[in-house]
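Undergrad: Can you read through this structure? Questions will come right after.
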Amino acid sequence: MTTLYDRLGGEDAIAAVVDDFYDRILDDEQVAHFFDSVDMRKQRAHQTQFLSAVAGGPVEYDGRDMRAAHDHLETDPAEFDAIATHLAATLESFGVPEDDREAVLEAVASYEDAIVSAAD
Numbered sequence: 000m001t002t003l004y005d006r007l008g009g010e011d012a013i014a015a016v017v018d019d020f021y022d023r024i025l026d027d028e029q030v031a032h033f034f035d036s037v038d039m040r041k042q043r044a045h046q047t048q049f050l051s052a053v054a055g056g057p058v059e060y061d062g063r064d065m066r067a068a069h070d071h072l073e074t075d076p077a078e079f080d081a082i083a084t085h086l087a088a089t090l091e092s093f094g095v096p097e098d099d100r101e102a103v104l105e106a107v108a109s110y111e112d113a114i115v116s117a118a119d
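Numbering (numbering that gives the first Met the number 0), first residue to last: 0 to 119.
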């Protein structure tokens with residue numbers, strides 16, 4: 000049985016998606032400020048590891064707990080949605096089929112309660 004990780008093309012393909020995803024985020028005034036003082040090399044590596052793990056890859060995510068990692072950011076639902084929209088657009092631009100895009104977005108959406116800590 001092929002995993003979502005395999006269908007996405009494995010770690011190198013996921014890393015390329017993550018690079019494009021963060022380029023889009025950093026160009027978006029609504030959400031770029033979250034990354035002002037972030038080591039983006041490390042952030043991209045963490046995100047690649049996270050997406051690889053939630054996609055069923057042979058990778059275990061060893062980053063911080065989602066709530067602990069995001070609580071201080073006071074992300075609101077609109078910001079979460081903006082970031083999810085960038086992820087969807089990135090996956091589409093890489094030719095990821097709709098079913099697989101939805102699977103990735105559902106996996107990420109399952110963390111929304113841990114990431115969003117502010118009201119709109």
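Backbone N, C-alpha and C define an ideal beta-carbon position, used for all residues, glycine too.
Which whole-angstrom value is the C-beta distance of Ala-117 and Asp-75, which I expect to be below 8 Å?
TA: 4 Å
Undergrad: Any idea what DSSP makes of Thr-130, helix, strand or coil?
TA: The requested residue 130 does not occur in the structure, where the chain is confined to residues 0 to 119.
Undergrad: According to DSSP, is Val-115 part of a helix, a strand, or is it coil?
TA: Three-state DSSP puts Val-115 in a strand.
Undergrad: From Val-115, Glu-101, Ala-106, Val-95, pick the residue whose C-alpha is nearest to that of Gly-8; which is it?
TA: Val-95
Undergrad: If we call anything under 8 Å between Cβ atoms a contact, is Asp-19 one with Thr-89?
TA: yes
Undergrad: Decide yes or no for the touch test of the stretch 94–109 against the stretch 52–70: beta carbon pairs closer than 8 Å, at least 3 of them.
TA: yes
Undergrad: Quick check on Glu-78: buried or exposed, where buried means 16 or more other Cβ atoms within 10 Å of its Cβ?
TA: buried
Undergrad: DSSP state of Gly-8, grouped into three classes?
TA: If DSSP states are grouped into helix, strand and coil, Gly-8 belongs with coil.
Undergrad: In terms of residues, what are the limits of the alpha helix (DSSP H) holding Phe-128?
TA: Because the chain is modelled from 0 through 119, residue 128 falls outside the range shown and cannot be assessed.
Undergrad: Using the Cβ count rule (16 or more neighbours within 10 Å means buried), how would you classify Val-37?
TA: It counts as exposed.
Undergrad: Need the endpoints of the alpha helix (DSSP H) that Arg-66 sits in, please.
TA: 65–69
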